[in-house]
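A.B. asks: Here it is, the structure in full.
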Ligand code: THU
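Residue numbers (our numbering): 189 to 351.
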């Protein structure tokens, strides 16, 4: 028997420490949260994805009276990016959430389903996605969703598919 340890590298920083490009991505995620439709949870989440070539797309959570029919900001954004720009890799993704008119102090991390979709996007384009989680107290930066999903099931676990 052996033990295997999994370590996770997460960078913690403040908004002021970010580059202008990073600030722009986070600002876009914050702004997208204003377009959330969250009458049930009142938890408004926005996401912004930076694609190769410099295009930015945003999305927000869209809820439904039949709760499971709604979707998170991350999936709205990635599915939009992948459907509108299927030839561009997603390079980074910022996520911001507000509730009661205030952005949250401690960043929220993507749910399990979104982690799986982020993984698929990384594998589809063979490109890690740097993730920025915004909070007013601190910002977390993660170099790849693999950090959040270390023992993952993905594309490579299935037999190779004909293109
Ligand atoms: N939500 C997101 O959009 N992203 C996350 O990372 C966590 C949760 C949404 C789903 C639902 O509309 C609301 O927040 C409460 O769970």
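Every residue, glycine too, gets a C-beta built ideally from N, C-alpha and C.
#1: Considering only C-alpha positions, which residue in the set 327, 301, 253 and 258 is nearest to residue 285?
#2: Would the beta-carbon of residue 217 fall within 8 angstroms of that of residue 196?
#3: Please go through the segment 222-279 and give each complete alpha helix (DSSP H) segment of 4 or more residues, from N-terminal end onward.
#4: Is residue 281 helix, strand or coil when you go by DSSP?
#5: Report yes or no: do three or more beta-carbon pairs, one from the segment 250-257 and one from the segment 275-283, lie closer than 8 angstroms?
#6: At a cut-off of 7 angstroms, would you count residue 229 as near the ligand THU, judging by its Cβ distance to the nearest heavy atom?
#7: For the ligand THU, I want to know if residue 283 counts as a neighbour, meaning its beta carbon is within less than 7 angstroms of at least one of the ligand's heavy atoms.
#8: Compare the C-alpha of residue 192 against each of 346, 347 and 338 and name the closest.
#9: When every heavy atom of the ligand THU is checked, does at least one fall within less than 7 angstroms of the C-beta of residue 301?
#10: Tell me where the beta strand (DSSP E) around residue 327 begins and ends.
#11: Label residue 265 either buried or exposed according to how many other C-beta atoms from any shown protein chain fall within 10 Å of its C-beta, with 16 as the threshold for buried.
#12: Is the beta carbon of residue 347 less than 8 angstroms from the beta carbon of residue 321?
#13: Within this structure, are the beta carbons of residue 282 and residue 249 separated by less than 8 angstroms?
C.D. replies: So, from the listed chains and residues:
#1: 327
#2: no
#3: 261-272
#4: strand
#5: no
#6: yes
#7: yes
#8: 338
#9: no
#10: 327-330
#11: buried
#12: no
#13: no
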